[in-house]
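A.B. asks: Quick note: the sequence shown uses full-length UniProt numbering, first residue 1, plus one each step. Glycine included, C-beta positions come from ideal geometry on N, C-alpha and C. None of these values were measured; they are calculated from a predicted model.
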Amino acid sequence: MAKYLVIVESPAKVKTIKKFLGTNYEVAASNGHVRDLPKSQLGIDVENGYEPKYITIRGKGDILAKLRKEVKKAEKVYLATDPDREGEAISWHLSKSLKLDESKMHRISFNEITKNAVKDSIKQAREIDMDLVDAQQARRMLDRMVGYRISPLLWAKVKRGLSAGRVQSVALRIICDREDEINAFIPEEYWSLDADFKIPGERQPLKAKFYGTSKGKLDIHTKEEMDKILEDLKDAQYQITEVKKGERIKKAPFPFTTSTLQQEASKTLNFSTQKTMRLAQQLYEGIDIKGSGTIGIITYLRTDSTRISEEADKSAREFIEAKFGEEYLAKQEQVKKEGKKVQDAHEAIRPTDISRDPLSIKESLSRDQFRLYQLIWKRFAASRMSSARYETTSVKIDGNGYRFTVSASKIAFDGFMSVYVQEDEEKSEGNLLVKGLDKDTEISLGEFTSKQHFTQPPAHYTEAALVKTMEELGIGRPSTYSPTITTIIARRYVAKENKNLYVTELGEIVNKIMKKAFPSIVDVNFTANLESLLDKVEEGVVNWKTVVSNFYPDLNEAVQVAEKELEEIKIEDEVTDVICELCGKNMVVKYGPHGRFLACPGFPDCRNTKPYLEKIGVQCPKCGKEIVMKKTKKGRKYYGCEANPECDFMSWQKPSKEKCEKCGGILLEKGNKLVCADEKCGYVVNNKSNNSGK
Numbered sequence: 001m002a003k004y005l006v007i008v009e010s011p012a013k014v015k016t017i018k019k020f021l022g023t024n025y026e027v028a029a030s031n032g033h034v035r036d037l038p039k040s041q042l043g044i045d046v047e048n049g050y051e052p053k054y055i056t057i058r059g060k061g062d063i064l065a066k067l068r069k070e071v072k073k074a075e076k077v078y079l080a081t082d083p084d085r086e087g088e089a090i091s092w093h094l095s096k097s098l099k100l101d102e103s104k105m106h107r108i109s110f111n112e113i114t115k116n117a118v119k120d121s122i123k124q125a126r127e128i129d130m131d132l133v134d135a136q137q138a139r140r141m142l143d144r145m146v147g148y149r150i151s152p153l154l155w156a157k158v159k160r161g162l163s164a165g166r167v168q169s170v171a172l173r174i175i176c177d178r179e180d181e182i183n184a185f186i187p188e189e190y191w192s193l194d195a196d197f198k199i200p201g202e203r204q205p206l207k208a209k210f211y212g213t214s215k216g217k218l219d220i221h222t223k224e225e226m227d228k229i230l231e232d233l234k235d236a237q238y239q240i241t242e243v244k245k246g247e248r249i250k251k252a253p254f255p256f257t258t259s260t261l262q263q264e265a266s267k268t269l270n271f272s273t274q275k276t277m278r279l280a281q282q283l284y285e286g287i288d289i290k291g292s293g294t295i296g297i298i299t300y301l302r303t304d305s306t307r308i309s310e311e312a313d314k315s316a317r318e319f320i321e322a323k324f325g326e327e328y329l330a331k332q333e334q335v336k337k338e339g340k341k342v343q344d345a346h347e348a349i350r351p352t353d354i355s356r357d358p359l360s361i362k363e364s365l366s367r368d369q370f371r372l373y374q375l376i377w378k379r380f381a382a383s384r385m386s387s388a389r390y391e392t393t394s395v396k397i398d399g400n401g402y403r404f405t406v407s408a409s410k411i412a413f414d415g416f417m418s419v420y421v422q423e424d425e426e427k428s429e430g431n432l433l434v435k436g437l438d439k440d441t442e443i444s445l446g447e448f449t450s451k452q453h454f455t456q457p458p459a460h461y462t463e464a465a466l467v468k469t470m471e472e473l474g475i476g477r478p479s480t481y482s483p484t485i486t487t488i489i490a491r492r493y494v495a496k497e498n499k500n501l502y503v504t505e506l507g508e509i510v511n512k513i514m515k516k517a518f519p520s521i522v523d524v525n526f527t528a529n530l531e532s533l534l535d536k537v538e539e540g541v542v543n544w545k546t547v548v549s550n551f552y553p554d555l556n557e558a559v560q561v562a563e564k565e566l567e568e569i570k571i572e573d574e575v576t577d578v579i580c581e582l583c584g585k586n587m588v589v590k591y592g593p594h595g596r597f598l599a600c601p602g603f604p605d606c607r608n609t610k611p612y613l614e615k616i617g618v619q620c621p622k623c624g625k626e627i628v629m630k631k632t633k634k635g636r637k638y639y640g641c642e643a644n645p646e647c648d649f650m651s652w653q654k655p656s657k658e659k660c661e662k663c664g665g666i667l668l669e670k671g672n673k674l675v676c677a678d679e680k681c682g683y684v685v686n687n688k689s690n691n692s693g694k
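Structure, rendered in structure tokens:
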């Protein structure tokens, strides 16, 4: 009969860990959290020391009853939840719910689910780390306060089940701010000039780019400037004035953290952050590998550390030296400069055994599991390998006071790139230069190629770019990036189309209310500061209740002020001139999960609804009918002709009633400017109404 009980979070780990520990151990799962704050109320006693009120989560009674039976039979109970704040808190909640005797309760944690790691953790059993628990409690309570105090106000304002969140509201603001930048962006004209130079005896021309003069770089802004340069160069004689050879080193990448894994999986595999984390969880918890049984094949997936254990580093170096040769081995490990505290009890995300190369276990993995494991394996192997080395050549060609440049590079030694090449490195590294090129080489002009360009607005956020920004700003932590993005998409504040994230009409409304009524909640610096305070709680430097008690009074005051203001701004249904064809009443504008729609005021007797197409008082430039505001299926706002599909006019920016004075075309509202829809026209004027169309 089993003497010891090991409690894990996930049922997927049970079989794997039981196999490692043998018959003296029983392994059971809690299925995640067993206690939480009640859903029906705030659950925090703000009058008496901010004590949280925890209750058993609905549906967890049977699981706890089974665990209590196992606890009675066991001499020792090992709490083996995940090695982070959340896992520590689950262990603490289990100890309370199961009324565990401290003398027989032990906390164990492991960074990978392998036989050695699990057995070693038993030898290094410890007490529950209350600093970690308190950091999680503080985060949970801060999130609950924001959600439960602000969400009812949004409900009252916009009339449907909207909600606010401490981190999600900041993420939404970041996306909205980028959308504002894009909408206000005015393209600027610039030109490029390329030259093909002929070299005697060579079939391929030498392609060079216009640089400026020998004194410095010269930008070409207009066609007139371009024409002048071409006129000056009409009869120019060209000469190579410098050929400079050099070397460029490209350092190996660091192994993956949660953030960099999510970014790279998005870029190279087109995975959402949610999909990446789901697959990584499967690889961590255990895969049935032919010949080895069920085993965890990567280390813990929630980490912001790039550290690697000495044992893993040693085995990686032995593997690389044997497979690739000594010259491919990094001479010393890179040390990452950390701008903020990292959870350095963790390691980076790596394979649990580097000799388990992806192709050898491909049959045991699903297609997507294989692709993610291969990415993690290659990145880790590359991180232990030597730098790549490029031979570089730069050439300067002068003619009549102007300068053209050519730059080229070729790999002299591939180093880590023999295993791992990032997406942006796969692009060409420049010209293939003619051998033996020097100052005496004769050259003559073949032809010029001049092109007009326009500057582009900032790119819309992708999930990868948003994760990177959140990490740089110190908002959220490895465990929160994916749920935050998933939430704002699920609530339809943000639409995801072709990888890009666009704010919806609903997202705009929520963001405006949050910025007006709760500026500190959506302030990036305020949120980042709270995250660092939670880190200090984890370190045992700051008391968790101090953080909570300092936060709540200001939030409470802001809510009370907002409640009064919202009472004054009572929203009435906007009556339209659209007649309900079922009952003859004038239809009204309502708010739903997707934004505004038309509904019959005779509800529930008449349930007729229609899409809301808001006329903006501007005629379509193609057919003369009305332009209306529309939304894509996912909720992104745009402007199109009411005669669609017969007329295909559309614009992401709001068209203005005014016409372009230069070409007579349509003007678009961009921030506080009106810009001609035809980029080549380039007409820009101040928007007198100063209305960005938001």
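#1: Run through DSSP, which three-state label would residue 413 get?
#2: Are there 16 or more other CB atoms within 10 angstroms of the CB of residue 283, so buried, or fewer, so exposed?
#3: Are residue 240 and residue 443 close, meaning C-beta to C-beta below 8 Å?
#4: So residue 393 and residue 245 are in contact, right, with Cβ under 8 Å, and what is the actual spacing, rounded?
#5: Classify residue 544 as buried or exposed, calling it buried when 16 or more other Cβ atoms lie within 10 Å of its own Cβ.
#6: Sorted by chain position, which residues of the same chain lie with C-beta nearer than 6 Å to residue 60's C-beta, five sequence neighbours on each side aside?
#7: Are residue 54 and residue 37 closer than 8 Å when you measure CB to CB?
#8: According to DSSP, is residue 362 part of a helix, a strand, or is it coil?
#9: Taking just the CA atoms, how far does residue 280 sit from residue 367?
#10: Three or more beta-carbon pairs under 8 Å between the segment 247 to 264 and the segment 376 to 386, yes or no?
#11: Rounded to whole angstroms, how far is the Cβ of residue 474 from the Cβ of residue 531, which I believe are closer than 8 Å?
#12: In whole angstroms, give me the CA-to-CA distance for residue 238 and residue 400.
#13: Does residue 176 come out as helix, strand or coil in the three-state DSSP assignment?
#14: Over the uninterrupted beta strand (DSSP E) stretch that includes residue 619, give me the two end residues.
#15: Pair every Cβ in the segment 3 to 13 with every Cβ in the segment 80 to 87, then say whether three or more of these pairs are closer than 8 Å.
#16: Evaluate contact between the segment 633 to 649 and the segment 147 to 166, counting only Cβ atoms and requiring at least three cross-stretch pairs below 8 Å.
#17: Considering Cα atoms alone, identify which of 264, 265, 354 is closest to residue 297.
#18: Along the chain, where does the beta strand (DSSP E) that runs through residue 106 open and close?
#19: Please name the residue or residues paired with residue 452 in a DSSP beta bridge.
#20: Based on DSSP bridge pairs, tell me the residues matched to residue 182.
#21: With DSSP run on the structure shown, which of helix, strand or coil describes residue 651?
#22: Just the Cα atoms here: how many angstroms apart are residue 230 and residue 403?
#23: For residue 658, which residues of its own chain have a beta-carbon under 7 Å away from its beta-carbon, when the five flanking residues on both sides are left out?
#24: Using the Cβ count rule (16 or more neighbours within 10 Å means buried), how would you classify residue 652?
#25: Any idea if residue 338 is buried or exposed, counting beta-carbon neighbours within 10 angstroms, 16 or more meaning buried?
#26: Would you list, in sequence order, the uninterrupted alpha helix (DSSP H) runs of no fewer than 4 residues that lie entirely inside the segment 56 to 111?
#27: Hey, residue 169 and residue 417: beta-carbon distance below 8 Å or not?
#28: For residue 104 and residue 71, I'd like the C-alpha separation in whole angstroms.
#29: Check whether the segment 189 to 209 and the segment 453 to 464 touch, using three or more Cβ-Cβ pairs below 8 Å as the test.
#30: Report yes or no: do the segment 178 to 185 and the segment 200 to 214 share at least 3 C-beta pairs separated by less than 8 Å?
#31: Figure out for me which residue from 329, 96, 611 has the closest Cα to the Cα of residue 589.
#32: Can you check which of these residues, 31, 16, 602, is closest to residue 25 by C-alpha distance?
#33: Exposed or buried, which one is residue 130 when buried takes at least 16 other CB atoms within 10 Å?
#34: Tell me whether residue 277 counts as near the ligand HEM, meaning its Cβ is closer than 7 Å to at least one heavy atom of that ligand.
#35: Relative to the C-alpha of residue 271, which candidate in 369, 365, 346, 397 has its C-alpha closest?
#36: Taking 8 Å as the limit between beta carbons, can you name the residues of its chain near residue 315, skipping five residues before and five after?
C.D. replies: Taking the coordinates as given:
#1: Stepping through the sequence shown from its first residue, residue 413 is reached at position 413. It is a strand residue.
#2: On the sequence shown, residue 283 is found 283 positions in, with the first residue counted as 1. Counting Cβ neighbours within 10 Å, residue 283 comes out buried, since at least 16 surround it.
#3: Against the sequence shown, residue 240 aligns to sequence position 240. Against the sequence shown, residue 443 aligns to sequence position 443. It is a contact, given that the beta carbons lie within the stated cut-off.
#4: As a working note, residue 393 is residue 393 in the sequence shown. As a working note, residue 245 is residue 245 in the sequence shown. Right, the Cβ-Cβ distance comes to about 5 Å (below 8 Å), so this counts as a contact.
#5: Within the sequence shown, numbered from 1, the residue matching residue 544 stands at position 544. Residue 544 is buried by the Cβ-count criterion.
#6: As a working note, residue 60 is residue 60 in the sequence shown. Around residue 60: 34.
#7: The count along the sequence shown starts at 1 and reaches residue 54 at position 54. The count along the sequence shown starts at 1 and reaches residue 37 at position 37. Yes, they are a contact pair.
#8: On the sequence shown, position 362 is the one that residue 362 refers to. DSSP places residue 362 in helix when its eight states are reduced to three.
#9: As a working mapping, residue 367 is identified with position 367 in the sequence shown. As a working mapping, residue 280 is identified with position 280 in the sequence shown. Straight-line Cα distance between these residues: approximately 13 Å.
#10: yes
#11: The residue you call residue 474 lines up with position 474 of the sequence shown. The residue you call residue 531 lines up with position 531 of the sequence shown. Yes, they are in contact, since the Cβ atoms of residue 474 and residue 531 sit about 6 Å apart, within 8 Å.
#12: Indexing the sequence shown from 1 puts residue 238 at position 238. Indexing the sequence shown from 1 puts residue 400 at position 400. In a straight line, the C-alpha of residue 238 is about 8 Å away from that of residue 400.
#13: Working through the sequence shown from its first residue, we reach residue 176 at position 176. Three-state result, residue 176: helix.
#14: If you number the sequence shown from 1, residue 619 lands on position 619. Looking at the DSSP string, the run of the beta strand (DSSP E) that includes residue 619 is 614 to 619.
#15: yes
#16: no
#17: One-based indexing of the sequence shown puts residue 297 at position 297. It is 354.
#18: Here residue 106 is taken as the residue at index 106 of the sequence shown, counted from 1. Here the beta strand (DSSP E) through residue 106 covers 105 to 107.
#19: In the sequence shown, the residue the question calls residue 452 occupies position 452. According to DSSP, which records beta bridges pairwise, residue 452 is partnered with 191.
#20: Start at 1 with the first residue of the sequence shown, and residue 182 comes out as number 182. Answer is none; residue 182 lacks a bridge partner.
#21: Counted from its first residue, the sequence shown places residue 651 at position 651. It is a strand residue.
#22: Taking the sequence shown and counting its residues from 1, one reaches residue 230 at position 230. Taking the sequence shown and counting its residues from 1, one reaches residue 403 at position 403. Approximately 13 Å between the Cα atoms of the pair.
#23: Numbered from its first residue, the sequence shown carries residue 658 at position 658. The residues are 667, 674.
#24: Looking up residue 652 in the sequence shown gives position 652. With fewer than 16 other Cβ atoms within 10 Å, it is exposed.
#25: As a working note, residue 338 is residue 338 in the sequence shown. Residue placement at residue 338 is flagged as unreliable, the pLDDT there being 49, under the threshold of 50; the coordinate-derived value follows with that caveat. Residue 338 comes out exposed.
#26: 61 to 73, 85 to 97
#27: Residue 169 sits at position 169 when you count from the first residue of the sequence shown. Residue 417 sits at position 417 when you count from the first residue of the sequence shown. Result no, Cβ atoms of residue 169 and residue 417 do not sit closer than 8 Å.
#28: Taking the first residue of the sequence shown as position 1, residue 104 is located at position 104. Taking the first residue of the sequence shown as position 1, residue 71 is located at position 71. Computed Cα separation, rounded: 10 Å.
#29: yes
#30: no
#31: Sequence index remark: in the sequence shown, residue 589 carries index 589 (1-based). The shortest Cα separation from residue 589 among 329, 96, 611 belongs to 611.
#32: Counting from one through the sequence shown, the residue named residue 25 turns up at place 25. Among 31, 16, 602, the Cα nearest to that of residue 25 belongs to 16.
#33: Numbered from 1 along the sequence shown, position 130 holds the residue referred to as residue 130. So residue 130 ends up on the exposed side.
#34: As for the ligand HEM, it is missing from this structure, which has no ligand bound.
#35: Position 271 of the sequence shown, counted from the first residue, corresponds to residue 271. Of the candidates 369, 365, 346, 397, the one whose C-alpha sits nearest the C-alpha of residue 271 is 369.
#36: To locate residue 315, count along the sequence shown from 1; it is residue 315. For residue 315, where only same-chain residues beyond five positions count, the Cβ hits under 8 Å are 353, 354, 355.
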